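**Q** Each residue of the sequence shown is one higher than the last, beginning at 1 in this note's numbering. We put the CB at the ideal spot given by N, CA and C, even for glycine. Just so we're clear, the structure is a prediction, and the values are computed from it rather than from any experiment. The structure is given below, and queries will be raised subsequently.
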Amino acid sequence: NIDGTEHAKQINKIEKEAIEYAKEGTPASKIEAWKKQLANQILADEYGSGIVAYFIINKYINGHPLFDPMNDRDMKIIGAVANAFNSYRKDDPRTQYLVNMTLEAQKRRRAAAGISGGTQIQAEVVKLFDITLQDSKGVEHSLAKEASKGRVVLLNFTMYDQSFSPAFNKVLNDIYTQYKGRVTIFQVGLDQTLGAWRDAAKNIPWIAVYDPAGEASKYVQQYQVYSIPTSFIIDKNGEIQERIQDPLELKKAIQKYL
Numbered sequence: 001n002i003d004g005t006e007h008a009k010q011i012n013k014i015e016k017e018a019i020e021y022a023k024e025g026t027p028a029s030k031i032e033a034w035k036k037q038l039a040n041q042i043l044a045d046e047y048g049s050g051i052v053a054y055f056i057i058n059k060y061i062n063g064h065p066l067f068d069p070m071n072d073r074d075m076k077i078i079g080a081v082a083n084a085f086n087s088y089r090k091d092d093p094r095t096q097y098l099v100n101m102t103l104e105a106q107k108r109r110r111a112a113a114g115i116s117g118g119t120q121i122q123a124e125v126v127k128l129f130d131i132t133l134q135d136s137k138g139v140e141h142s143l144a145k146e147a148s149k150g151r152v153v154l155l156n157f158t159m160y161d162q163s164f165s166p167a168f169n170k171v172l173n174d175i176y177t178q179y180k181g182r183v184t185i186f187q188v189g190l191d192q193t194l195g196a197w198r199d200a201a202k203n204i205p206w207i208a209v210y211d212p213a214g215e216a217s218k219y220v221q222q223y224q225v226y227s228i229p230t231s232f233i234i235d236k237n238g239e240i241q242e243r244i245q246d247p248l249e250l251k252k253a254i255q256k257y258l
């Protein structure tokens, strides 16, 4: 219950502003300026990483979302709120809603771009290419070595600085927690900046390694990674079985090989 709190006052203020901007004849430029102001306040964490920011990104003006998940700039704001909830409000039911909203939006964006979300791998991508890279502490990890241990391996290529990342890593964390000891997650970071990647990776419980070559990496070419996140399921025999583009399909796909 937030009645009477500072958050309630902020929400009431924003609601009154929204009513004004929703009036017929309001210039789109004026609404856009207000939206930009709200976005900057969210990024500056002026709303305490909480319910006010959640209220803002779910606000509609004249039947249209103020922050549209199909818009790149808007998705960065939505992703920032999802990241805050995932970091500080893990048990809040709104966290899972934000995760699902982010992943569903990404799925629709893939469809709009003509990128398949199917799990069928291309025939030529059947060989496991070894990946040897270092984690945030400088420890070297080998994909081939992990794949030889008789466990299912989830290989993932991603970027932590993308808006989808918090929601996607929430999915991976659920898999890691549920199948710990049965599934190994081997995550390859393609971020442009090592420092930013390292800050995000230091609290990751699974194997997270960094490729300084980024999207120009030889591993990206070998595994034919055309978009991120892209994941592969490697069975207990060390053979690649599936390419997964849709994060919401990961858990169901992994269960087939346990």
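Tell me, to the nearest whole angstrom, how far the beta carbon of residue 66 is from that of residue 175; I am working on the premise that it is less than 8 Å.
**A** With a Cβ gap of about 33 Å, residue 66 and residue 175 do not count as contacting.
**Q** Assuming contact is defined by CB atoms lying nearer than 8 Å, are residue 153 and residue 184 in contact in what I supplied?
**A** Result yes, Cβ atoms of residue 153 and residue 184 sit closer than 8 Å.
**Q** According to DSSP, simplified to helix, strand and coil, what is residue 122?
**A** Here the model assigns residue 122 a pLDDT of 45, short of 50, so the residue's position is not dependable and the matter cannot be decided.
**Q** Between 189, 222 and 61, which has its C-alpha nearest residue 211's C-alpha?
**A** Closest option to residue 211, Cα to Cα, is 189.
**Q** With H, G and I counted as helix, E and B as strand and the rest as coil, what does DSSP make of residue 85?
**A** Looking at residue 85 - three-state DSSP - the assignment turns out to be helix.
**Q** Please classify residue 123 as buried or exposed, where buried requires at least 16 neighbouring CB atoms within 10 angstroms.
**A** For residue 123, the predicted structure reports a pLDDT of 36, less than 50, and the residue's modelled location is therefore unreliable. A value from the coordinates is still provided. So residue 123 counts as exposed.
**Q** Would you call the stretch 56–76 and the stretch 99–109 touching, i.e. three or more CB-CB distances under 8 Å?
**A** The stretch 56–76 vs the stretch 99–109: in contact.
**Q** What does the Cβ neighbour count give for residue 73, buried or exposed, with the cut at 16 atoms within 10 Å?
**A** Result: exposed.
**Q** Taking all protein chains shown into account, decide if residue 230 is buried (16 or more other Cβ within 10 angstroms of its Cβ) or exposed.
**A** Residue 230 is buried by the Cβ-count criterion.
**Q** From residue 57 to residue 77, what does the alpha carbon distance come to, in whole angstroms?
**A** Their backbone Cα atoms lie some 8 Å apart in a straight line.
**Q** Put residue 189 into one of helix, strand or coil per three-state DSSP.
**A** Correct three-state label for residue 189: strand.
**Q** For residue 143, I'd like the list of residues in its chain whose CB is within less than 6 Å of its CB, leaving aside the five on either flank, ordered along the chain.
**A** Here the set comprises 130, 131 and 186.
**Q** Check whether the Cβ atoms of residue 61 and residue 21 sit closer than 8 Å, and answer yes or no.
**A** Taking 8 Å as the Cβ cut-off, residue 61 and residue 21 qualify as a contacting pair.
**Q** Buried or exposed for residue 126, please, with buried defined as at least 16 other CB atoms from any protein chain shown within 10 angstroms of its CB.
**A** Note that residue 126 scores 47 on pLDDT, short of 50, meaning its location in the model is unreliable; the coordinates nonetheless yield the value given after this. Answer is exposed; the Cβ neighbour count stays below 16.
**Q** With a threshold of 16 other CB atoms inside 10 Å of the CB of residue 192, please say whether the residue is buried or exposed.
**A** It counts as exposed.
**Q** Using 8 Å as the cut-off, can you tell me whether the stretch 151–169 makes contact with the stretch 231–251, which would need three or more C-beta pairs spanning the two stretches below that distance?
**A** Touching, yes, given that three or more Cβ pairs across the two stretches are closer than 8 Å.
**Q** For residue 85 and residue 91, what's the separation of their Cα atoms in angstroms?
**A** Spanning the two alpha carbons is a distance of roughly 9 Å.
**Q** In three-state terms, what does DSSP make of residue 260?
**A** Outside the displayed span of the chain (1 to 258) sits residue 260, for which this structure offers no information.
**Q** Which class does residue 2 belong to by DSSP, given the choice of helix, strand or coil?
**A** Any reading at residue 2 needs caution, since the residue's pLDDT is 48, under 50, leaving its predicted position unreliable; the model's value is listed next. Three-state result, residue 2: coil.
**Q** Measuring alpha carbon to alpha carbon, tell me which residue in 24, 101 and 198 is nearest residue 161.
**A** Considering only alpha carbons, the answer is 198.
**Q** Which of helix, strand or coil does DSSP assign to residue 222?
**A** Three-state result, residue 222: helix.
**Q** Would you kindly report the start and end of the unbroken beta strand (DSSP E) that includes residue 208?
**A** Segment 207–210, the beta strand (DSSP E) holding residue 208.
**Q** Can you tell me the Cα-Cα spacing of residue 120 and residue 253, whole angstroms?
**A** Only weak support is given to the placement of residue 120: the predicted model assigns it a pLDDT of 48, under 50, and the value that follows is read from those uncertain coordinates. So the two alpha carbons sit approximately 11 Å from each other.
**Q** Could you give the first and the last residue of the continuous beta strand (DSSP E) run that contains residue 133?
**A** Its beta strand (DSSP E) spans residues 132–134.
**Q** I need the straight-line Cα distance from residue 179 to residue 82, nearest angstrom please.
**A** Each residue's Cα considered, the two are about 24 Å apart.
**Q** DSSP three-state label for residue 240, please.
**A** The answer is strand: DSSP assigns residue 240 an E or B state.
**Q** Take the Cβ of residue 163 as the centre, count every other Cβ of all protein chains shown within 10 Å, and call the residue buried at 16 or more, exposed below.
**A** Its Cβ being crowded by 16 or more others within 10 Å, residue 163 is buried.
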